[in-house]
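Here is the structure we will look at, set down as structure tokens.
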Amino acid sequence: MNDNAHQRTALGRQAGLVGICCNVLLFLGKIIVGLLSGSVSIAADAVNNLSDAASSVVTLVGFRLAEKPADADHPYGHARYEYLSGLAVAALILIIGFELARTSISKLLHPTSIVFSTSLVVVLSASIVVKLLLAIYYTTVGRKINSTTLRASAADSRNDVITTTAVLLSAIVEHISRWQIDGAMGLAVALFILWSGVGLAKQTISPLLGEAADPALEQEIVKEVNACPLVLGYHDLMVHDYGPGQRFASIHVEMDQQENPLVCHEAIDHIERQCLTNHNVHLVIHYDPVVTDDLLLNHLRQQVETILAQQHPALHIHDFRMVQDTLIFDMTIPFEWMSRQESLQQTLEQQLFQVEGKPYHTIITFDAVAFQPETPLKRS
2 MNDNAHQRTA LGRQAGLVGI CCNVLLFLGK IIVGLLSGSV SIAADAVNNL SDAASSVVTL
62 VGFRLAEKPA DADHPYGHAR YEYLSGLAVA ALILIIGFEL ARTSISKLLH PTSIVFSTSL
122 VVVLSASIVV KLLLAIYYTT VGRKINSTTL RASAADSRND VITTTAVLLS AIVEHISRWQ
182 IDGAMGLAVA LFILWSGVGL AKQTISPLLG EAADPALEQE IVKEVNACPL VLGYHDLMVH
242 DYGPGQRFAS IHVEMDQQEN PLVCHEAIDH IERQCLTNHN VHLVIHYDPV VTDDLLLNHL
302 RQQVETILAQ QHPALHIHDF RMVQDTLIFD MTIPFEWMSR QESLQQTLEQ QLFQVEGKPY
362 HTIITFDAVA FQPETPLKRS
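As numbered in the working numbering, residues 2 to 381 make up the sequence shown, in order.
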């Protein structure tokens with residue numbers, strides 16, 4: 002494990018310990034006040050803090066497991082444990098939310114008065130301040146180490162600021178007006194917890210299912226590739242996320258077939274090293290030699306590109322070659338056009354016939370746009 006990974010794990014553990022200590026103290030203060038005052042919403046907020054403490058424990062364990070090095074059974078490492086810990090946190094939040102909703106509905110059906118006190122105001126006000134500071138802390142550390150789990154914890158802390166403020170206001174409103182809204186406020190807090198749990202579950206499940214790569218990261222990889230003067234074009238960029246700090250990518254680059262293969266190989270190795278050093282991405286590049294001095298082939302490619310551009314701006318081609326009167330190439334296509342492949346191919350052949358005055362057949366491999374960021378070839 003490199004120094005950055007060690008630092009990331011250390012900061013993640015530290016954030017987990019801070020969260021455990023703060024949330025346990027808040028839980029103890031609120032549960033005492035909630036029981037003394039008879040407020041279900043304060044008790045609900047206390048249990049929410051207890052769930053946050055449990056979430057911090059899960060986060061701590063997740064960072065500990067995620068730092069395990071790669072082994073024979075898991076050659077890409079164990080960094081996805083961080084995503085699994087986030088999913089466990091989401092499940093815990095949902096369970097707590099359902100239980101609090103049940104308790105609050107019971108309080109709505111059988112309302113009781115809240116015993117208002119100075120300690121109630123002090124504890125809830127202190128909770129708001131502590132949670133606000135925790136949100137700032139989690140946000141700062143989460144950005145520094147690019148942790149989805151800590152960013153989710155930051156959002157949860159901001160949510161707690163809102164819910165605790167609502168609980169405090171409900172106690173003040175009942176004290177002043179004698180309106181018994183504690184059960185309704187407790188139910189609102191429970192629903193908010195459930196909503197937060199669903200949102201967190203979506204955030205953690207998405208990378209496990211294989212969500213699209215961050216566009217900013219894709220652009221950084223493309224920038225490294227395009228910085229090489231030998232690269233004429235690129236396609237088939239795919240990024241795989243095996244957890245924070247464990248990203249692998251592959252891409253095809255096109256280079257003039259007349260270039261020395263050894264020079265091209267060294268240039269490709271340099272790009273791969275730069276991506277690992279600058280972006281912590283293990284990049285594998287497939288070398289595609291292309292013909293650049295065939296006038297007819299270049300002309301037909303330009304005609305095909307012009308026709309496709311009139312159909313849709315996301316249609317691009319690569320690996321363009323010709324065998325007798327058959328044009329063979331790959332074409333990127335939007336997801337919503339995947340059912341139109343046959344009609345698109347027929348339209349292309351018809352328009353080519355009209356422009357060239359002779360029939361050309363096509364053999365096309367269609368690829369989804371999501372895996373195909375494209376750039377025009379640097380041909381004169």
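We put the beta carbon where it would ideally sit given N, CA and C, even for glycine.
These numbers come from a predicted model, not from an experiment.
- Counting only runs of 3 or more residues that sit fully inside the segment 216-240, no beta strand (DSSP E) segment turns up.
- With contacts defined by Cβ atoms closer than 8 angstroms, S171 and I182 form a contacting pair.
- For F330, the uninterrupted beta strand (DSSP E) run begins and ends at 327-334, by DSSP.
- A residue is called buried when at least 16 other Cβ atoms come within 10 angstroms of its Cβ; R179 does not meet this threshold and is exposed.
- In the assembly as shown, R81 is a buried residue. Its beta-carbon has 16 or more other beta-carbons within 10 Å.
- At least 8 angstroms separates the beta-carbon of L316 from that of I329.
- P262 sits in a helix when the DSSP states are folded into three classes.
- Here A16 is buried. Its C-beta has 16 or more other C-beta atoms within 10 Å.
- Using a Cβ distance threshold of 8 angstroms, A45 and A191 count as a contacting pair.
- Residue pairing by DSSP puts E255 in a beta bridge opposite G234, D289.
- For R159, there is no enclosing beta strand (DSSP E); the residue is found in the alpha helix (DSSP H) stretching over 149-178.
- Secondary structure at R81: coil, using DSSP grouped into helix, strand and coil.
- By the neighbour-count criterion, in which a residue is buried when 16 or more other Cβ atoms sit within 10 angstroms of its Cβ, I286 is buried.
- Taking one beta carbon from each stretch, the segment 122-134 and the segment 198-214 have fewer than 3 pairs nearer than 8 angstroms; the two do not touch.
- By the 16-neighbour rule on beta-carbons within 10 angstroms, S107 is exposed.
- Pairing D331 with Y361 gives a Cβ-Cβ distance that is not under 8 angstroms.
- Of the other Cβ atoms in all chains shown, 16 or more fall within 10 Å of the Cβ of H253; this residue is therefore buried.
- Under a 10 Å Cβ-count criterion, D242 is classified as buried, with 16 or more other Cβ atoms of the shown protein chains found around its own Cβ.
- When DSSP reads this structure, I365 sits in a beta bridge with F330.
- In the three-state reduction of the DSSP assignment, D74 falls in the coil class, being assigned neither a helical nor a strand state.
- R248 has its alpha-carbon roughly 30 angstroms from the corresponding atom of W196.
- DSSP places A89 in the helix class (H, G or I) of the three-state scheme.
- The C-alpha of D53 lies about 15 angstroms from the C-alpha of G63.
- Boundaries of the alpha helix (DSSP H) harbouring R302: 296-312, taken from the DSSP string.
- Here Y84 has T205, P208, L209 as same chain residues with Cβ atoms under 6 angstroms from its own Cβ, once five neighbours each way along the sequence are excluded.
- Between Q304 and L353, the CB-CB gap stays under 8 angstroms.
- When rounded, the separation of the alpha-carbon atoms in A268 and I365 is 30 angstroms.
- In this structure, the beta-carbon distance from I97 to N49 falls below 8 angstroms.
- Rounded to the nearest angstrom, the Cβ distance from L12 to I146 is 5 angstroms, consistent with a contact under 8 angstroms.
- Between V168 and M186, the C-beta spacing is below 8 angstroms.
- Residue burial is scored here from C-beta neighbours: A102 has at least 16 other C-beta atoms within 10 angstroms and is therefore classed as buried.
- In this structure, the CA atom of R9 is about 36 angstroms from the CA atom of C265.
- Distance between Q355 and Y235, taken at the CA atoms: about 30 angstroms.
- In the structure shown, the three-state DSSP call for A250 is strand.
- The three-state secondary structure of I182, taken from DSSP, is coil.
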